[in-house]
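Notes follow once the structure below has been shown.
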Amino acid sequence: MNAKPQKKRADGNRASSAPLLTFVGSDKGGIGKSFITTVITDLMEVTGTVAHIVQVDDQDRLPALYPGRVTTVVPASLDDLRRDPAFIVAAFDPFYAAVEVMMQERVPLVVDVGGPQQT
54 MNAKPQKKRA DGNRASSAPL LTFVGSDKGG IGKSFITTVI TDLMEVTGTV AHIVQVDDQD
114 RLPALYPGRV TTVVPASLDD LRRDPAFIVA AFDPFYAAVE VMMQERVPLV VDVGGPQQT
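For the sequence shown, this note's numbering gives the first residue as 54, with consecutive numbering after it.
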């Protein structure tokens, strides 16, 4: 088997065929979404691609595993949304910023959407 060497980009990452944007989610909690996110992220690393992660959740697992590479989005509570519907836009500003970086720098982004938030 003769594998073609991958070209390196300016940022040091190898060019890969990994998707730029991957969503992992479900409407049920506790089924292994964060586990799947770590598997996807680790498989990308094996191929020389360093992905960034956005977690739409307030868990500490992913930031502990990937320090400096995880952006956390904590959705606005229902009480906040009742007071001001614009809270949802502000809550997702970090997500939008991460997508902009992904598009500009061509760095893969894995989005881990946690289970339902009961607030």
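Even for Gly, the Cβ is constructed at its ideal location relative to N, Cα and C.
- One Cα belongs to residue 72, the other to residue 115, and the distance between them is close to 20 Å.
- Residue pairing from DSSP places residue 108 in a beta bridge opposite 125 and 165.
- Note: residue 74 is bridge-paired with 162 in the DSSP secondary-structure output.
- Across the structure, residue 81 and residue 101 are spaced so that their CA atoms are roughly 32 Å apart.
- With a contact defined as Cβ atoms closer than 8 Å, residue 122 and residue 106 qualify at about 6 Å.
- Looking at the backbone, the Cα of residue 126 and that of residue 149 are separated by about 10 Å.
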